[in-house]
Amino acid sequence: MSSAKRVAVVTGASAGIGEATARALAAQGFHVVAVARRADRINALAADIGGTAVVADVTDGSAVDELASRLGRVDVLVNNAGGAKGLAPVADADLEHWRWMWETNVLGTLRVTRALLPKLIDSGDGLIVTVTSIAALETYDNGAGYTSAKHAQGALHRTLRGELLGKPVRLTEIAPGAVETEFSLVRFDGDKERADAVYQGITPLTAQDVAEVIGFVASRPSHVDLDQIVIRPRDQAPGSRFNRRAPQD
Ligand code: 8X3
Numbered sequence: 001m002s003s004a005k006r007v008a009v010v011t012g013a014s015a016g017i018g019e020a021t022a023r024a025l026a027a028q029g030f031h032v033v034a035v036a037r038r039a040d041r042i043n044a045l046a047a048d049i050g051g052t053a054v055v056a057d058v059t060d061g062s063a064v065d066e067l068a069s070r071l072g073r074v075d076v077l078v079n080n081a082g083g084a085k086g087l088a089p090v091a092d093a094d095l096e097h098w099r100w101m102w103e104t105n106v107l108g109t110l111r112v113t114r115a116l117l118p119k120l121i122d123s124g125d126g127l128i129v130t131v132t133s134i135a136a137l138e139t140y141d142n143g144a145g146y147t148s149a150k151h152a153q154g155a156l157h158r159t160l161r162g163e164l165l166g167k168p169v170r171l172t173e174i175a176p177g178a179v180e181t182e183f184s185l186v187r188f189d190g191d192k193e194r195a196d197a198v199y200q201g202i203t204p205l206t207a208q209d210v211a212e213v214i215g216f217v218a219s220r221p222s223h224v225d226l227d228q229i230v231i232r233p234r235d236q237a238p239g240s241r242f243n244r245r246a247p248q249d
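Under the UniProt record's numbering, think of the first position of the sequence shown as 1, with each following residue one higher.
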């Protein structure tokens, strides 16, 4: 794939923050490569924004290599694929949940970043945005599988700043708090009532709120590196404490 436009690769682009970011970057003039597992969603998105859809699972090494081999230039990579499964105390940890979280958030970010790094450097002005979470900076009860994976993903991303010093690649970590997306539905394995309860009585962030910030990051001049950005709803304090309003009758 060759492009005269700057190219932004967005993983986890089928919904939520990834989809909103793909739309925001396309509106800013990027050719967006939307990467996700759900073909129907990213095909429709790519048709809508004049981008390219690449069906790939970030936990599949050969799919990620294939993605890299299809791409010519890459100016921006948004590592957004990831998520949570379960909310259980360490004493009752589900190893499958932990494996899934480490595979997608940590090793997924590693695979895609490692595969695209030479192209990002070659662009002469590369940018890697990694969407971690406030869970990369704090811990909360019952969340260790997710917070440990997000801490590791953050550590991987932050390590690159030293390793790439002197190379033309900027690094931005975006650490959102509660954003109403499919996040909680995935965490609770499709249990809509439990997922909806997470956002009850608060005004959560929207995917668009986060995408606008990523768009801002990607539009700064090349000497300006927004290093780490924490975005929370006003209703959320550290430690996942919420200001919940009682339901109105
Ligand atoms: C998710 C952050 O606050 O919903 O990454 O657990 S929170």
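Cβ coordinates follow ideal geometry from the N, Cα and C atoms, glycine included.
I need the DSSP call for residue i, collapsed to helix, strand or coil.
{"i": "residue 204", "result": "coil"}
{"i": "residue 77", "result": "strand"}
{"i": "residue 188", "result": "coil"}
{"i": "residue 170", "result": "strand"}
{"i": "residue 161", "result": "helix"}
{"i": "residue 22", "result": "helix"}
{"i": "residue 194", "result": "helix"}
{"i": "residue 175", "result": "strand"}
{"i": "residue 237", "result": "strand"}
Taking the C-alpha atoms as reference points, what is the distance between residue i and residue j?
{"i": "residue 146", "j": "residue 120", "result": "28 Å"}
{"i": "residue 233", "j": "residue 178", "result": "7 Å"}
{"i": "residue 33", "j": "residue 42", "result": "9 Å"}
{"i": "residue 138", "j": "residue 39", "result": "34 Å"}
{"i": "residue 106", "j": "residue 150", "result": "7 Å"}
{"i": "residue 236", "j": "residue 88", "result": "21 Å"}
{"i": "residue 125", "j": "residue 182", "result": "32 Å"}
{"i": "residue 59", "j": "residue 168", "result": "27 Å"}
{"i": "residue 162", "j": "residue 193", "result": "44 Å"}
{"i": "residue 225", "j": "residue 128", "result": "10 Å"}
{"i": "residue 67", "j": "residue 202", "result": "39 Å"}
{"i": "residue 246", "j": "residue 94", "result": "33 Å"}
{"i": "residue 22", "j": "residue 91", "result": "39 Å"}
{"i": "residue 3", "j": "residue 222", "result": "20 Å"}
{"i": "residue 8", "j": "residue 104", "result": "20 Å"}
{"i": "residue 140", "j": "residue 238", "result": "9 Å"}
What are the boundary residues of the beta strand (DSSP E) that includes residue i?
{"i": "residue 126", "result": "126 to 131"}
{"i": "residue 36", "result": "31 to 36"}
{"i": "residue 165", "result": "Where residue 165 is concerned, there is no enclosing beta strand (DSSP E), given that its DSSP letter is neither H nor E."}
{"i": "residue 8", "result": "7 to 11"}
{"i": "residue 54", "result": "52 to 55"}
{"i": "residue 231", "result": "228 to 231"}
Is the closest heavy atom of ligand 3 to the C-beta of residue i under 7 Å?
{"i": "residue 188", "result": "Absent from the structure shown: ligand 3. Ligands present: ligand 1."}
Would you mind reading off the limits of the alpha helix (DSSP H) that contains residue i?
{"i": "residue 180", "result": "Per DSSP, residue 180 belongs to no alpha helix (DSSP H) and is neither H nor E."}
{"i": "residue 109", "result": "108 to 122"}
{"i": "residue 49", "result": "39 to 49"}
{"i": "residue 69", "result": "61 to 70"}
{"i": "residue 96", "result": "95 to 101"}
Just checking my contact of residue i with residue j at CB under 8 Å: how many whole Å lie between their CB atoms?
{"i": "residue 116", "j": "residue 54", "result": "The pair is not a contact, with the Cβ atoms about 12 Å apart (cut-off 8 Å)."}
{"i": "residue 176", "j": "residue 156", "result": "About 18 Å separates the two Cβ atoms, so there is no contact after all."}
{"i": "residue 180", "j": "residue 199", "result": "5 Å"}
{"i": "residue 83", "j": "residue 186", "result": "5 Å"}
{"i": "residue 76", "j": "residue 111", "result": "So it is not a contact: roughly 18 Å between Cβ atoms."}
{"i": "residue 79", "j": "residue 113", "result": "6 Å"}
{"i": "residue 153", "j": "residue 20", "result": "Contact flag wrong, Cβ pair sits at about 20 Å."}
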